[in-house]
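Asker:
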Amino acid sequence: MWLALMIGNSRLHWAHFTGETLIHAWDTDYLPADVIQQLSQSQTLKDLLLKIFPSNEATGKARHGNMEDFLKTLSSSPPSPPPLLVASVVPSQTALWQTYPNVRILTLDQVPIKGIYPTLGIDRALALWGAGNNWGFPVLVIDAGTALTFTAADANQHLVGGAILPGLGLQLATLAERTGQLPTVELPQQLPQRYALNTQEAMQSGVIYTLVAGIKDFIEAWWRDFPQGNVVMTGGDRTLLVNYLQSQFPEIVDSLNVEANLIFWGMRSAALLQR
Ligand SMILES: Nc1ncnc2c1ncn2[C@@H]1O[C@H](COP(=O)(O)OP(=O)(O)O)[C@@H](O)[C@H]1O
Ligand SMILES: CC(C)(COP(=O)(O)O)[C@@H](O)C(=O)NCCC(=O)O
Ligand SMILES: [K+]
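Just so we're aligned, residue -1 is where the sequence shown starts under the numbering used here, counting upward by one.
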């Protein structure tokens, strides 16, 4: 067994693999440096997972099923800390994981997309590779994370390019942080009223309606250039975004694939290629 860790700008994304099979994926907050040090001494998988499973329910909520049940099902454990494959877009966080004994850090040159520019985020490259392997190329990946990114590759698995903008959460947070009167606002579960009559809903409306319109525009432009092109959405805000899109442009959602684990598929494939 082995663990994959994708370090994003908001949090850590984990996956537990047995060989090529993804058993379980979950997210946690960043871990303090001393906890990472302790992980190196973890003798069993359960031991290790208990350390990286935060007590805080909200941040530790497993993507699939319940973590407690999952831990109970673990029968065999390896004798030493399990191999850890790390990909990161946060260099200060990557540095903390260098101490882990059985660690491998993925780099951009290990992702077989052609025409990659040197500063492309490895999360974007891995998600693109994972999506193309599963649905086929050409493919456009929309990653609704801290930043929202569009990343596309053509039928020859060559990078077409993409775009980066502040994600849903970041747009709202920036408004609250950089103004004198705007409050902290959560993302609503459903599409709000476009014409809001209070500040919170006005912020939600502005951020959500413009982002949804922008996503629709990117997807339509993609289909003009690549009529057979696939579109895959991932990232922490994917479900909310699909809800919003569904209310306004259901025909777009019909042609959209939504997958939480794209980056892990890319990591699995990159790991296999390196062997
Ligand atoms: N527990 C959580 N912690 C942080 N972000 C969360 C959480 N649950 C949902 N989100 C949403 O996920 C988004 C971040 O997406 P994610 O893909 O996890 O980020 P990254 O990969 O950049 O770390 C935030 O904008 C937020 O709205
Ligand atoms: C665009 C990103 C900040 C997205 O990061 P995320 O929101 O997934 O944490 C990351 O992919 C990155 O730092 N990219 C480097 C610049 C580029 O891709 O061109
Ligand atoms: K992202």
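Virtual Cβ for every residue (Gly too), placed ideally from N, Cα, C.
For the beta strand (DSSP E) that P164 lies in, which residues bound it at each end?
Answerer: Position 166 of the sequence shown, counted from the start, is the residue given in the question as residue 164. Note, P164: beta strand (DSSP E), 157 to 164.
Asker: Between the segment 99 to 112 and the segment 22 to 31, do at least 3 Cβ pairs fall closer than 8 Å?
Answerer: Result no; under three Cβ-Cβ pairs closer than 8 Å.
Asker: Could you have a look at N241 and say whether DSSP puts it in helix, strand or coil?
Answerer: Walking along the sequence shown from the start, residue 241 turns up at place 243. Correct three-state label for N241: helix.
Asker: Hey, would you say the C-beta of G160 is under 7 Å away from at least one heavy atom of ligand 1?
Answerer: Sequence index remark: in the sequence shown, residue 160 carries index 162 (1-based). Every heavy atom of ligand 1 is 7 Å or more from the Cβ of G160, so no.
Asker: Look at D121 and M201 and say whether their C-beta atoms are less than 8 Å apart.
Answerer: The sequence position of residue 121 within the sequence shown is 123, counting from 1. The sequence position of residue 201 within the sequence shown is 203, counting from 1. For D121 and M201, no; Cβs fall outside 8 Å.
Asker: Grouping DSSP H, G and I as helix and E and B as strand, with all else coil, what is F148?
Answerer: As a working note, residue 148 is residue 150 in the sequence shown. Residue state, collapsed to three classes: strand.
Asker: Let me confirm a value: P190 is counted as buried when at least 16 other C-beta atoms fall within 10 Å, else exposed. Which label applies?
Answerer: For the purposes of this step, residue 190 is identified with residue 192 of the sequence shown, where counting begins at 1. P190 should be labelled buried.
Asker: Using alpha carbons as the reference points, say which of I250, E199, A151, D235 lies closest to P164.
Answerer: Within the sequence shown, numbered from 1, the residue matching residue 164 stands at position 166. The option with the nearest alpha carbon to P164 is D235.
Asker: Report the rounded CA-to-CA distance for V158 versus L254, giving the unit in angstroms.
Answerer: Locating residue 158 in the sequence shown gives position 160, counting from the first residue. Locating residue 254 in the sequence shown gives position 256, counting from the first residue. Spanning the two alpha carbons is a distance of roughly 19 Å.
Asker: Starting from the Cα of F262, find the closest Cα among I21, L180, Y98 and give me that residue.
Answerer: Working through the sequence shown from its first residue, we reach residue 262 at position 264. The shortest Cα separation from F262 among I21, L180, Y98 belongs to I21.
Asker: Between which two residues does the beta strand (DSSP E) holding M231 run?
Answerer: Taking the sequence shown and counting its residues from 1, one reaches residue 231 at position 233. First-last of the beta strand (DSSP E) with M231: 228 to 232.
Asker: For A2, which beta-bridge partners are listed by DSSP?
Answerer: As a working note, residue 2 is residue 4 in the sequence shown. DSSP output for A2 lists A13, L83 as bridge partner(s).
Asker: Please report the residue range of the alpha helix (DSSP H) in which I34 lies.
Answerer: Your numbering for residue 34 matches position 36 in the sequence shown. Here the alpha helix (DSSP H) through I34 covers 31 to 37.
Asker: Please name the residue, chosen from M(-1), V256, E199, that lies closest to N100 on a Cα-to-Cα basis.
Answerer: What you label residue 100 is simply residue 102 of the sequence shown in a count that begins at 1. The option with the nearest alpha carbon to N100 is M(-1).
Asker: Taking Cβ to Cβ, would you say V205 is nearer than 8 Å to L243?
Answerer: To locate residue 205, count along the sequence shown from 1; it is residue 207. To locate residue 243, count along the sequence shown from 1; it is residue 245. Taking 8 Å as the Cβ cut-off, V205 and L243 do not qualify as a contacting pair.
Asker: Taking 7 Å as the cut-off, is the C-beta of R222 nearer than that to any heavy atom in ligand 2?
Answerer: What you label residue 222 is simply residue 224 of the sequence shown in a count that begins at 1. Answer for R222: no, Cβ out of range of ligand 2.
Asker: Measuring from the CB of L118, is there a heavy atom of ligand 2 at a distance below 7 Å?
Answerer: Locating residue 118 in the sequence shown gives position 120, counting from the first residue. For ligand 2, at least one heavy atom lies less than 7 Å from the Cβ of L118.
Asker: Cβ of R122 within 7 Å of any heavy atom in ligand 1?
Answerer: On the sequence shown, position 124 is the one that residue 122 refers to. Answer for R122: no, Cβ out of range of ligand 1.
Asker: Given this structure, state the Cα-to-Cα distance separating T172 from L166, to the nearest angstrom.
Answerer: Position 174 of the sequence shown, counted from the start, is the residue given in the question as residue 172. Position 168 of the sequence shown, counted from the start, is the residue given in the question as residue 166. Answer to the nearest angstrom: the Cα atoms are 10 Å apart.
Asker: Just to confirm the assignment, what range does the alpha helix (DSSP H) spanning A200 have?
Answerer: As a working note, residue 200 is residue 202 in the sequence shown. Its alpha helix (DSSP H) spans residues 197 to 223.
Asker: What are the start and end residues of the beta strand (DSSP E) that includes V137?
Answerer: The sequence position of residue 137 within the sequence shown is 139, counting from 1. First-last of the beta strand (DSSP E) with V137: 137 to 142.
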